[in-house]
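K.L.:
Residue 29 in UniProt numbering sits at position 29 of the sequence shown; the count goes up by one each step and never skips.
By construction, the Cβ of each residue, glycine as well, lies at the ideal position given by its N, Cα and C atoms.
Got a structure for you, written out below as structure tokens; questions coming shortly.
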Amino acid sequence: MSKINIKPLADRVLVEPLPAETTTASGLIIPDSAKEKQQKGTVLAVGKGTKDEPMTVNVGDTVLYGKYAGTELVLEGKEYLIMRESDILAIV
């Protein structure tokens with residue numbers, strides 16, 4: 001994996017979304033037209049936080065986030081999300 005040269009500011013987090021599920025739990029294959037965006041990803045970079053609230057997520061954490069959270073960013077052909085820490089729902 002190449003090193004990412006993006007440093008989020010303040011309470012922002014850079015997340016790499018996990019790939020969409022291709023099969024169901026019972027083994028059925030999901031066609032491309034029916035796949036939904038994954039709401040789980042890996043944290044690649046975090047900002048320093050604000051003076052009132054330090055950051056609680058760390059690089060390498062797997063997190064759950066809202067369906068429409070963050071801003072999509074494409075860098076070198078890969079998709080990333082940059083979002084506020086408050087958009088993260090849970091650390092898995």
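Mind checking who threonine 42 pairs with in its DSSP beta bridge?
P.N.:
The residue you call residue 42 lines up with position 42 of the sequence shown. DSSP lists Glu16 and Thr62 as partners of threonine 42.
K.L.:
On the three-state DSSP scale, how would you describe methionine 1?
P.N.:
Here residue 1 is taken as the residue at index 1 of the sequence shown, counted from 1. The pLDDT assigned to methionine 1 is 47, lower than 50, so where the model puts this residue is not dependable; a value taken from the coordinates is nonetheless given after this. In the structure shown, methionine 1 falls within a coil segment according to DSSP collapsed to helix, strand and coil.
K.L.:
Quick one: using the 10 Å Cβ neighbour count with 16 as the cut-off for buried, is aspartate 11 buried or exposed?
P.N.:
Within the sequence shown, the letter at position 11 stands for residue 11. That one is buried.
K.L.:
Less than 8 Å between the C-beta atoms of valine 46 and valine 63, yes or no?
P.N.:
If you number the sequence shown from 1, residue 46 lands on position 46. If you number the sequence shown from 1, residue 63 lands on position 63. Contact flag unset, no.
K.L.:
Taking lysine 40 as the reference, which of Thr71, Ala20 and Val74 has the closest Cα?
P.N.:
The residue labelled residue 40 in the question sits at position 40 within the sequence shown. If we check each option's Cα against that of lysine 40, Ala20 comes out closest.
K.L.:
Beta-carbon within less than 7 Å of glutamate 72's beta-carbon, same chain only, minus the 5 sequence neighbours each way: which residues are those?
P.N.:
Looking up residue 72 in the sequence shown gives position 72. So the qualifying residues of the chain are Glu79 and Leu81.
K.L.:
Helix, strand or coil for glutamate 72, going by three-state DSSP, please let me know.
P.N.:
Numbered from 1 along the sequence shown, position 72 holds the residue referred to as residue 72. The answer is strand: DSSP assigns glutamate 72 an E or B state.
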